[in-house]
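Trainee: One structure coming up, written as structure tokens, with questions to follow.
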Amino acid sequence: MPASPLVGRRSSMPDPALATHRFPPPAHDDEIALAEQLLRDSSPLPSRQHSVTDAYTQQVPRWASIDGAKKWQARVPWWGRPRTWMAAALLFVGAVVFGSASARPDVREYVKDRVQHYTAGHAVEAPYQRVNGTIVILVNPYSNMYQRLLLTLQNIEMQFNAKYGYPIQLLTDGALPSESIMNRTSYITGGKATWSVVTPEQGWGPPSWIKQEDIDASIAKISFNVGYRNMCRFFAMWHYKHPAVRPYDYIFRLDDGIRFHCELMVDHNATYGWTNTDQEAPFTAETLWSTSMDFMRKAPRNWFPAGRDTSFVSDDGGLSYNWRMYYNNFEIVKRSFFESEAYEAFVAHLDRAGGFYKERWGDAPIRTIAASYLLPASEIYSFRNVTGYQHDNPPFFCPDLPYCTCNPEKSEQNAMGNW
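Letter 297 of the sequence shown, counting from 1, is numbered 297 in full-length UniProt numbering, and no numbers are missing.
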């Protein structure tokens with residue numbers, strides 16, 4: 001077979017795969033050599049130089065693939081990327097909108113309030129003035145009360161204490177709770193809660209002059225265990241003497257299981273503050289009034305201030321008790337009242353009579369009688385219309401205020417009556 005005259009050259013038949021190439025290759029090798037010679041003799045272009053064969057053999061642009069696109073973008077300066085200008089535009093619009101809103105005083109105050117709310121317990125200083133006070137909660141270690149306590153602490157922080165940052169004293173008459181519980185209370189309160197034990201030397205338990213048979217007979221008659229009676233006596237005359245509470249001028253007593261439905265924003269220089277009233281059960285304190293009036297008749301006249309109003313506890317000028325009392329699982333009391341000569345003498349007189357254990361005298365009616373007789377009415381203040389305070393599930397009063405979460409239309413009266 002004769003040799004083909006095209007041996008050593010490209011075939012004259014066009015390759016179908018190259019027919020549509022935007023730079024069709026030259027047909028003969030001598031044409032390729034001539035073209036390359038012309039390129040070498042010409043002046044160099046400012047861009048990268050390629051041979052004619054490069055045009056034919058050039059692969060797909062690198063940015064046509066994902067990896068290639070990333071490499072190509074990395075070579076582009078940051079100020080030349082579309083995303084840079086898009087982000088700058090969004091930042092500019094946000095700055096204009098937020099700057100315009102933050103120029104309003106009410107918006108600035110709201111932002112400051114929210115910052116303080118969510119940084120409670122950290123280095124941000126509370127913008128609200130506060131007195132030298134502490135919150136006191138007595139926790140029962142012998143029942144499953146810790147879940148109630150955690151919910152109560154969470155509510156206190158949300159509605160009140162995140163703003164003011166008052167320290168919280170968690171007292172218990174038994175052993176301290178587990179480290180897990182203490183870590184939770186510390187976390188919820190931003191480190192403001194401190195646990196302390198109440199010992200017999202600090203007022204927990206019956207006094208030495210009370211016989212055990214008298215306690216047993218009273219429990220058999222009217223129920224209420226010894227622990228409950230210990231609590232009543234402790235809050236009547238001992239809690240403000242506890243080392244954890246002693247450094248403070250104001251004592252804000254609360255119980256686990258309570259809930260505030262309103263943000264507490266009250267600034268009132270009162271000696272005794274309360275929020276709810278109730279009726280004491282007469283069978284638990286049959287001789288409380290007569291024992292109290294025996295003290296009042298013999299007490300020095302200078303212990304009774306001008307402007308006092310005893311009509312809250314007696315409807316007949318002191319002849320009998322109407323069983324009305326301040327429900328003192330919420331109370332704010334100035335320490336000077338507890339430490340006054342008149343109050344200390346009054347509760348010591350009641351303690352000597354033994355009514356905490358021979359009957360079941362509660363600390364609430366005792367505090368109510370003492371405040372009514374030993375304080376001017378101007379120093380007794382009601383927080384009822386601002387707190388939406390609820391203890392467990394009884395009816396409570398819901399103020400019609402914009403910062404309350406309860407429904408005022410479903411608010412129910414308690415034993416307060418016209419008070």
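By construction, the Cβ of each residue, glycine as well, lies at the ideal position given by its N, Cα and C atoms. All figures in this text were calculated on a predicted structure; none of them were measured in a lab.
1) Can you check DSSP and say which residues form a bridge with Lys334?
2) Per DSSP, which residues does Ala220 bridge with? Please list them.
3) DSSP three-state label for Thr134, please.
4) If we ignore side chains and look at the alpha-carbon of each, how far apart do residue 426 and Gly165 end up?
5) Residues in the same chain with beta-carbon distance under 8 Å from Ala353, minus the five sequence neighbours each way, listed in chain order, please.
6) Which word fits Pro282, buried or exposed, when buried means at least 16 other C-beta atoms lie within 10 angstroms of its C-beta?
7) Please work out which residues of its chain come closer than 6 Å, Cβ to Cβ, to Leu45, disregarding the five sequence neighbours upstream and downstream, and give them in chain order.
8) Is it buried or exposed, Thr368, if we count other Cβ atoms within 10 angstroms and call 16 or more buried?
9) Please report the distance separating the alpha-carbon of Ile251 from that of Asn161.
10) Mapping the DSSP letters down to three states, classify Ser292 as helix, strand or coil.
11) Is the beta carbon of Asp278 less than 7 Å from the beta carbon of Thr152?
12) Are at least three pairs of beta-carbons, each pair with one atom in the stretch 341-349 and one in the stretch 210-218, less than 8 Å apart?
13) Ends of the alpha helix (DSSP H) at Arg229?
14) With DSSP as the reference, label Thr368 as helix, strand or coil.
15) By DSSP's criteria, Asp278 is part of a beta bridge. Which residues make up the other side?
16) Give the C-beta separation of Ser372 and Arg308 to the nearest angstrom, bearing in mind that I take them to be a contact with Cβ-Cβ under 8 Å.
17) DSSP three-state call for Ser196: helix, strand or coil?
18) As a quick exercise: from Val197, Trp238 and Ile219, pick the residue whose alpha carbon is nearest that of Asp173.
19) Could you name the residues of the same chain whose beta carbon sits closer than 8 Å to that of Leu149, not counting the 5 residues immediately before and after it, in chain order?
20) Going straight from the alpha carbon of Asp249 to that of Glu331, what length do you get?
21) Could you check the C-alpha separation between Ile135 and Gly94 for me, to the nearest Å?
22) Quick check: the Cα distance between Pro77 and Arg83, rounded to an integer number of angstroms?
23) I believe Asp351 touches Asn328 by the beta-carbon criterion, under 8 Å. Please report the beta-carbon distance rounded to the nearest angstrom.
24) Alpha carbon to alpha carbon, what distance is there between Ala370 and Ser320?
25) Taking 7 Å as the threshold (C-beta atoms), are Trp323 and Glu379 in contact?
26) So within the stretch 163-187, which uninterrupted alpha helix (DSSP H) runs reach at least 4 residues, ignoring any that extend past its ends?
27) In chain order, what residues of the same chain lie with their CB nearer than 6 Å to the CB of Gln202, ignoring the 5 residues before and after it?
28) Tell me whether Val139 sits in a helix, a strand or coil according to DSSP, three-state version.
29) Please name the residue, chosen from Pro177, Arg360, Thr310 and Ser180, that lies closest to Ser223 on a Cα-to-Cα basis.
30) Looking at Cys232: is its Cβ nearer than 7 Å to the Cβ of Phe337?
31) With Ile210 as the anchor, note down where its alpha helix (DSSP H) starts and where it stops.
32) Can you name, in chain order, every residue of its own chain whose Cβ lies under 8 Å from the Cβ of Ala306, other than the five neighbours on each side?
Mentor: The short version:
1) Tyr250
2) Paired residues: none, contrary to the question.
3) strand
4) Because the chain is modelled from 1 through 419, residue 426 falls outside the range shown and cannot be assessed.
5) Thr287 and Thr291
6) exposed
7) With a pLDDT of 48 at Leu45, under the threshold of 50, the modelled position of that residue is not reliable, and the figure given next carries that caveat. Closer than 6 Å at Cβ, skipping near neighbours: no residue.
8) buried
9) 14 Å
10) helix
11) no
12) no
13) Val226 to Met237
14) helix
15) Met325
16) 7 Å
17) strand
18) Val197
19) Ile137, Val139, Leu170, Thr185 and Asp256
20) 14 Å
21) 42 Å
22) 12 Å
23) With a Cβ gap of about 18 Å, Asp351 and Asn328 do not count as contacting.
24) 15 Å
25) no
26) none
27) His242
28) strand
29) Arg360
30) no
31) Careful: Ile210 lies outside any alpha helix (DSSP H) and carries neither H nor E.
32) Pro376
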